[in-house]
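Written below as structure tokens is the structure these notes are about.
In the numbering used here, the protein residues as written are 103 to 433.
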């Protein structure tokens, strides 16, 4: 079968063996659509993050959606013949075949079941963006936190954070770059939105964070935004660094602010979360995600569709408002 294969610091179209049977605990999936997420571009040129699952034949791609054509022994019957969203890095296996090909082979714990009749392109890059805020919410609730500050704004993960917090009735403060971003989140039901360009942005954040006791900061941007807000975060707040959408600007501060306010900084990754590391918790998470994945917060913003043969053009595509290139296996 045709597949996009990682060749060291680039990718190319090759022919690789097609998986023919689903091994125990695995699904054989006819792939239909695979969105290209920012991380896909990043990790072409650098090692995969710790915990990410490797693929046979170096077939690239971790996200996608398709139809289950065979379920292996031990897989719950509910997966049979279902459309699923895939994030193949959740559960490692020596027999994984990645998503950017005709037929993927992954553990069923890499998949969330889609609603009947769902358009797979709408979920072709979704699961990675859903599991992150889900796992984050579980972690901070366990820590006793009462509200979240999200710098991820209107990114796919930021929007999914709005959806997760809405579904579980958990207070969230979303920081957005402009009024357009505020309107987008308001249309999705978000309530506590602060625009970074407002003259009193920092005071708004200080007052609202104090009111909601928001001490868990989910940072998907880094750099500039953290420099802007660190001095108005509540005492004993924790900054969880996840992404770096803000570019190359470094996060700089005087260390006395940590002691003066009792702040802490740590990293967050879904691979290291208890939700993903514990198989029972992961299965519960995927079941719960399947129950809410129909909500608009979790749909992939699809831009232009490309054939596998057009992988280089797809990687160069930059959509408006977060729209993503989609490798379309049905054209």
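All residues carry an ideal CB built from backbone N, CA and C; glycine is no exception.
Below 8 Å on the Cβ atoms is my contact criterion, and I expect residue i with residue j to pass it. Report the Cβ-Cβ distance as a whole number of Å.
i, j, result
"residue 201", "residue 164", "6 Å"
"residue 400", "residue 223", "Residue 400 to residue 223, Cβ: 14 Å. No contact."
"residue 214", "residue 187", "5 Å"
"residue 227", "residue 402", "4 Å"
"residue 380", "residue 409", "About 39 Å; that fails the 8 Å criterion."
"residue 335", "residue 365", "6 Å"
"residue 199", "residue 230", "Not really, about 18 Å apart at Cβ, beyond 8 Å."
"residue 132", "residue 189", "Wrong, their Cβ atoms sit about 17 Å apart, outside the cutoff."
"residue 159", "residue 107", "6 Å"
Can you give me the Cβ contacts of residue i inside the same chain, cut-off strictly under 7 Å, excluding the 5 residues immediately before and after it?
i, result
"residue 383", "376, 377"
"residue 220", "185"
"residue 182", "170, 173"
"residue 286", "256"
"residue 433", "407, 409"
Return the bridge partner residues of residue i from the DSSP annotation.
i, result
"residue 343", "321, 369"
"residue 430", "135"
"residue 252", "276, 320"
"residue 387", "DSSP lists no partner for residue 387."
"residue 167", "135, 187"
"residue 116", "105"
"residue 297", "278"
Looking only at its chain, what residues have a beta carbon closer than 6 Å to the beta carbon of residue i, apart from the 5 residues adjacent to it on each side?
i, result
"residue 283", "255, 256"
"residue 360", "none"
"residue 343", "321, 369"
Taking the continuous alpha helix (DSSP H) assigned at residue i, which residues delimit it?
i, result
"residue 277", "Looking at the DSSP string, residue 277 is not in any alpha helix (DSSP H); the run it does join, the beta strand (DSSP E), is 274-278."
"residue 236", "229-244"
"residue 303", "303-314"
"residue 213", "Counting along the chain, residue 213 falls outside any alpha helix (DSSP H), though it belongs to the beta strand (DSSP E) covering 213-215."
"residue 331", "326-331"
"residue 438", "The chain is shown only over 103 to 433; residue 438 falls outside these bounds and no answer can be derived."
"residue 424", "Premise fails: residue 424 is in no alpha helix (DSSP H) and is neither H nor E."
"residue 293", "First-last for residue 293: undefined, no H or E at that position."
"residue 358", "358-363"
Quick check on the DSSP output: the beta strand (DSSP E) that includes residue i runs from which residue to which?
i, result
"residue 133", "128-137"
"residue 404", "404-408"
"residue 209", "205-209"
"residue 376", "Per DSSP, residue 376 belongs to no beta strand (DSSP E); it is in the alpha helix (DSSP H), 376-379."
Quick one: residues in its chain with C-beta nearer than 8 Å to the C-beta of residue i, no 5 flanking neighbours on either side, listed in chain order?
i, result
"residue 178", "210"
"residue 243", "272"
"residue 314", "248, 249, 273, 275, 294"
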